[in-house]
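Novice: Following the working numbering, the numbering of the sequence shown begins with 19 at its first residue and continues without gaps.
Below is a structure I'd like to ask you about.
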Amino acid sequence: MTTSNPNMQSVSDSERRMLHMLLPNDVLLLGRPALQHLVAGNKEYCELLEQFRSPFAQLPREQKQEIVHMVMATIWSQNGRFLKHDPLKGTISILSNEQAETIIRQNLKHAKRKHKSVRNGTVQKNKKKKSSKATKASATNKRKQKNRDPSSHQKLGIRRNGDPKRVATNPSPSQTPIQNPFGITPFTASTVKLFGRSASGTKFGDV
């Protein structure tokens, strides 16, 4: 028993004919979600967004455009085009380079927010773990120092002059702060370098 695609059921006959005219790696950037889900190239495009999400989120602003160009160059290298669907005219046309860049950048920004929230959650989790380890280390160090210091064994039970009510005690040790022997430092995020081929110097002509 086969189940029909709900996206295909919401597509008109004319839209189906337009989809059949697309190339295998075309990307429909603008259009109804039902149409976008049926375009094979959109799957490859979504995988590219996942691949470039992390470097885009951590690169400085002036270098983010290189990521956008790398996404575009990857699709073009596979003979793909960036398209838009006009529901009023019932047509699919090619986007200009500027329009495609704007949409791709917006898509990467949405992925960036998701990645940033996950990363911040990981940072907070790491801080809690390190704080817990520091507390345990401090407590362990206190116990070791107490066991080594004979002055910590107070009230030895030595009677003075046979008076059972008077019990000699050793003087309490000076309350000096215990130094942290582990040198725990605050968490700092490591710099993530972009790897792979660069799109700098690549000329992007009009489509």
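Where a beta carbon is used, it is the ideal one built from N, C-alpha and C, also for glycine.
Note that the coordinates shown come from a computational prediction; the quantities given were computed from them, not determined experimentally.
For a minimum of 3 consecutive residues, which ranges assigned as the beta strand (DSSP E) are wholly contained in the region 79-126?
Specialist: 100-104, 109-112, all fully within the region 79-126.
Novice: Evaluate isoleucine 85 with the Cβ neighbour count: other Cβ atoms within 10 Å of its Cβ, from every protein chain shown; 16 or more gives buried, anything less gives exposed.
Specialist: buried
Novice: Using CA atoms only, rank isn't needed, just tell me which of Gln76, Pro73, Val45, Ala91 is closest to proline 63.
Specialist: Rather than proline, the amino acid found at residue 63 in this sequence is tyrosine. Among Gln76, Pro73, Val45, Ala91, the Cα nearest to that of tyrosine 63 is on Val45.
Novice: Measure the beta-carbon distance from leucine 113 to valine 89 and round it to whole angstroms, keeping in mind my assumption that it falls under 8 angstroms.
Specialist: Their Cβ separation, rounded to whole angstroms, is 13 angstroms, which puts leucine 113 and valine 89 out of contact at 8 angstroms.
Novice: Glutamine 193 to asparagine 159, Cα distance in whole Å?
Specialist: With a pLDDT of only 42 at glutamine 193, under 50, the local geometry of the prediction cannot be trusted, and no value is derived from it.
Novice: Mapping DSSP to helix, strand and coil, what is leucine 41?
Specialist: Reduced to three states, the DSSP call for leucine 41 is coil.
Novice: Are proline 42 and glycine 59 close, meaning C-beta to C-beta below 8 angstroms?
Specialist: One thing to note: proline 42 has its Cβ within 8 angstroms of the Cβ of glycine 59.
Novice: Work out the CA separation of leucine 40 and asparagine 97 for me, nearest whole Å.
Specialist: 11 angstroms
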